[in-house]
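In what follows, a single structure is set out as structure tokens and then discussed.
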Amino acid sequence: MEQAIIAIHGLSKTYGSLKAVDNLNLTIRQGEIFGLLGPNGAGKSTTILMLLGLTEPTAGTAHICGLDASRNPIPVKRKVGYMPDNVGFYNELSALENLKYIGRLNGIPENEVENTAREMLISVGLESAIHKKAGTFSRGMKQRLGLADVLIKRPEVIILDEPTLGIDPAGVRDFLELIRQLNQEQGITILLSSHHLHQVQQVCSRVGIFVGGRLLAEGSVETLAANLFQADPHVVQVTLRNAFKASSEELLQLPGVTKVSIADASVEISGQQDITPEIVRYFVHKGCDVTGVQKRTYGLDEIYQRYFENNLKDKEVHNEQSTGLFQRSFLSRFKKR
Amino acid sequence: MNSLLAYSKDHSLAGSKSVSPFWTMVKKEVADQIHSWRFIIMALLILLTWLGSMYVSMSNIRSAMENVRDHDTLYFYLKLLTITDRSLPPFHVFIGFLGPLLGIALGFDAINSEQSNGTLIRLMAQPVYRDSLLNAKFTGSLIVISILFFSLNMLMVGGGMLITGVRIEVAEFIRILCFVGLSIIYVAFWLNLSILLSVKFRQTATSALTAIAIWLFITVFYPILVQIILKGILPDPNDLSPDQLVIYNQIRHNFLVVMPGQMYADGTTTLLMPVVRSMGPLTMEQMAMAVPSPLPLRESLLITWPQVSGLIAATVACFAISYWLFMRREIRT
Chain R
-5 MEQAIIAIHG
5 LSKTYGSLKA
15 VDNLNLTIRQ
25 GEIFGLLGPN
35 GAGKSTTILM
45 LLGLTEPTAG
55 TAHICGLDAS
65 RNPIPVKRKV
75 GYMPDNVGFY
85 NELSALENLK
95 YIGRLNGIPE
105 NEVENTAREM
115 LISVGLESAI
125 HKKAGTFSRG
135 MKQRLGLADV
145 LIKRPEVIIL
155 DEPTLGIDPA
165 GVRDFLELIR
175 QLNQEQGITI
185 LLSSHHLHQV
195 QQVCSRVGIF
205 VGGRLLAEGS
215 VETLAANLFQ
225 ADPHVVQVTL
235 RNAFKASSEE
245 LLQLPGVTKV
255 SIADASVEIS
265 GQQDITPEIV
275 RYFVHKGCDV
285 TGVQKRTYGL
295 DEIYQRYFEN
305 NLKDKEVHNE
315 QSTGLFQRSF
325 LSRFKKR
Chain D
639 MNSLLAYSKD
649 HSLAGSKSVS
659 PFWTMVKKEV
669 ADQIHSWRFI
679 IMALLILLTW
689 LGSMYVSMSN
699 IRSAMENVRD
709 HDTLYFYLKL
719 LTITDRSLPP
729 FHVFIGFLGP
739 LLGIALGFDA
749 INSEQSNGTL
759 IRLMAQPVYR
769 DSLLNAKFTG
779 SLIVISILFF
789 SLNMLMVGGG
799 MLITGVRIEV
809 AEFIRILCFV
819 GLSIIYVAFW
829 LNLSILLSVK
839 FRQTATSALT
849 AIAIWLFITV
859 FYPILVQIIL
869 KGILPDPNDL
879 SPDQLVIYNQ
889 IRHNFLVVMP
899 GQMYADGTTT
909 LLMPVVRSMG
919 PLTMEQMAMA
929 VPSPLPLRES
939 LLITWPQVSG
949 LIAATVACFA
959 ISYWLFMRRE
969 IRT
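If you read the sequences in order, they're chains R and D. Under the working numbering, the first residue of the first sequence is numbered -5, with each subsequent residue one higher. Under the working numbering, the first residue of the second sequence is numbered 639, with each subsequent residue one higher.
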């Protein structure tokens, strides 16, 4: 097993009566891309700030590369590159000047800083904008410049907070590809905080689901799906020419079927094992015109939704009202998708 | 991306010479200030007032130097800074007025603009101490102010020498340097006050307006307020005996002297006019047996010291508060 590069034990942060981060325990291994998932206000950014030593934890410890982040913030910041969600640059300076400034702050010698900065700009695809003022950059270009800014210090860990916010789909794809390459080719550990589930699923080897300051689950998407959907790991979606009129009770009688969901001409059947042949036979026997059969796997969307639902149920049981309203509205929006 | 592959993680940063993060920030701060329009405008304004004051001084220097009753005639260059025909105030009076504006202009958005641009968190994520940023903001602006004032005064000395050929006395030169130092401390107070406001307020407009409001209060409204209060609690000065009038003026001066503008005015008057031997009113008894001659530099410095230390204390207090606020602040985007 690879060495733990980020080790968080019992980390908490309280603002008055609000618990922004509640007893967080997390280990991120070297060379991983770890996705920190959660809605706005879940405590992701506060956790990141504590990891960088930019805010003092109320309790617990966070170690990066073996260094305590709150006791040794400077050595930690030498090893960690951080790109905030709304990365800012000196608009009146060119991309190169912006990068040279950060390079100097990181102790890059004067005779090397220009070449290193140029190298970084070329590596993130900004070779044509080296001398352009940062103020004229598009959001996507700024994100690329932000990545160059992070890379110039030669980090062991990169923390990206909502890095694809406001970028067009093509830009997102390129950016995620860049992250993946950095991880694979240089072995840099990446902590990616986001609420864009599909993007996280594309690049992250493991994810952590963060809600209301608590880490509800962590692991690979496959592991989380297996744990969550143990009762019905197989899903078959059948599309019919006409609306399905029969009751779901009949389908539930079939061996292995655990759950049925009917929406007009689309029927979704969950089961403990692969029941596709039985399902197709059933519909043919009923005289339905089957136009499509699709086997589905559980993705991060379902995992996230399930954790949210469970968390909401827990909250309702305990009659806890904090952040519940927000989560409900987030969930309702999520369900509409 | 290929160059990223070629780029070695093992490459060591040590070995070659690198500038410390603090001085890197100071250099950027100096460059930013010098290139900013607000500094250019303020510097031009100060240069214009300097030119105007110098023109008036040069036009009146002959008559001033011929005045046999004036005991400061020895100090030609100090005269250049102080004499006037009342058409324009002397240079040090202009500085008393424009200095605060210069300090405010250089510091009002020191921290909050970094926050609103999103560069503050980017800087704080680098291996630099948090206080280095605040120290660099102050040091950078102070360097710019110092260079401006020193250059103007040296221009005056050099220009005076070139035009008149009059030799400058050592004591006179030191007095001018002390005047430059006092002016820098005075502007540093306003600079620190505006940096404090930039730490306190998130919006640059709020910090700028608050700084200007404080400046207006201190410069315009406070003396009026003191006058009204004194009128309310003390008898009419016209009805007072000479002794009581001295006490009345002393009380009035004590009220005014706590303000930075008054401290600066008192300090510069003593430094640039060696004949001045007291900040407050003097009685005839105090003046008895006094030789009507300029004070030595050491004596003038002793008279000025309370003003200098007061200004330094106010500057340090402002800096300490902004330091305390900034170090406790949670930095977010």
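C-beta: ideal position from N, C-alpha, C; glycine also.
Cutting at 6 Å between CB atoms, please list the residues of its own chain near R/V229, excluding the five before and the five after it. S264, R290
Considering only the beta carbon of each residue, do R/Y76 and D/T757 sit closer than 8 Å? no
Bridge partners of R/E262, per DSSP? R/Q231, R/S255
Pick from D/M897, D/S821, D/Y715, D/V795: whose alpha carbon is nearest that of D/G741? D/S821
Quick one: grab the DSSP three-state call for R/I203. Per DSSP, reduced to three states, the secondary structure at R/I203 is strand.
Hey, is D/L772's beta-carbon within less than 8 Å of any beta-carbon in chain R? Output row for D/L772: interface = no.
Tell me the start and end of each unbroken beta strand (DSSP E) in the region 165 to 206 of chain R that is at least 3 residues and wholly inside, in chain order. 183 to 188, 200 to 205
DSSP bridge partner residues for R/T21 (one or two, in chain order): R/A1
By the 10 Å Cβ neighbour count, where 16 or more other Cβ atoms means buried, how is D/M639 classified, buried or exposed? With a pLDDT of 43 at D/M639, under the threshold of 50, the modelled position of that residue is not reliable, and the figure given next carries that caveat. The residue is exposed, with fewer than 16 neighbouring Cβ atoms inside 10 Å.
Assuming D/I823 contacts D/L949 (C-beta within less than 8 Å), just tell me the rounded distance between them. 5 Å
Would you identify the three-state DSSP class for R/Q247, choosing helix, strand or coil? Note: R/Q247 maps to helix in three-state DSSP.
Alpha carbon to alpha carbon, how far is D/L847 from R/V74? Give it in angstroms, no decimals. So the alpha carbons of these two residues sit roughly 39 Å apart.
Which value, in whole angstroms, describes the spacing of the CA atoms of D/I959 and D/P861? 26 Å
Is there at least one Cβ from chain D nearer than 8 Å to R/P103's Cβ? By this cut-off, R/P103 is an interface position.
Here's the rule: buried if 16 or more other CB atoms are within 10 angstroms of the residue's CB, otherwise exposed. What is D/M911? buried
Helix, strand or coil for R/H57? Go by DSSP, reduced to three states. strand
According to the neighbour-count rule (16 or more other Cβ atoms, all chains shown, within 10 Å of its Cβ), is D/Y902 buried or exposed? buried
Mind checking whether R/D283 and R/R235 have CB atoms under 8 Å apart? yes
In its own chain, which residues sit with a C-beta less than 6 Å from the C-beta of D/L834, not counting the 5 before and 5 after it? C956, I959, S960
Give the C-beta separation of R/R133 and R/I161 to the nearest angstrom, bearing in mind that I take them to be a contact with Cβ-Cβ under 8 Å. 6 Å
Residues, ordered as in the chain, of the region 944 to 966 of chain D that lie near chain R by beta-carbon distance below 8 Å: none
Output yes or no for whether 8 Å exceeds the beta carbon distance between R/V81 and R/G97. No; because the gap between Cβ atoms is not below 8 Å, this pair is not in contact.
Once DSSP output is grouped into helix, strand and coil, what is the label at R/R72? If DSSP states are grouped into helix, strand and coil, R/R72 belongs with the helices.
With burial defined as no fewer than 16 other Cβ atoms inside 10 Å of the residue's Cβ, what is the status of D/Q900: buried or exposed? buried
State yes or no: is the C-beta of D/H673 within less than 8 Å of the C-beta of D/T906? no
Would you call the CB atoms of R/S11 and R/A53 closer than 8 Å? no
Between the region 23 to 39 of chain R and the region 63 to 73 of chain R, can you find at least three pairs of beta-carbon atoms closer than 8 Å? no
Identify the residues that DSSP records as bridge partners of R/K13: which are they? R/T8
Same chain, Cβ closer than 8 Å to R/L115, neighbours up to 5 away in sequence not counted: Closer than 8 Å at the Cβ level, and outside the excluded window around R/L115, lie A89, L90, L93, E121, A123, I124, L139, A142.
Compute the Euclidean distance between the alpha carbons of D/H891 and D/V884, then round it to the nearest angstrom. 10 Å
Tell me, which residues are paired with R/D62 by DSSP? Its beta-bridge partners are R/H57.
Any alpha helix (DSSP H) of 4 or more consecutive residues that is wholly inside the region 813 to 880 of chain D: 842 to 854, 860 to 871
The beta strand (DSSP E) that contains R/A211, what's its start and end? Run containing R/A211: 208 to 213, per the beta strand (DSSP E) assignment.
Please state whether DSSP places D/T722 in a helix, a strand or coil. DSSP places D/T722 in coil when its eight states are reduced to three.
Rounded C-alpha distance that separates D/Q888 from D/V895: 10 Å
At a CB-CB cut-off below 8 Å, which residues of chain D make contact with R/R98? S656, V657, P659, T662
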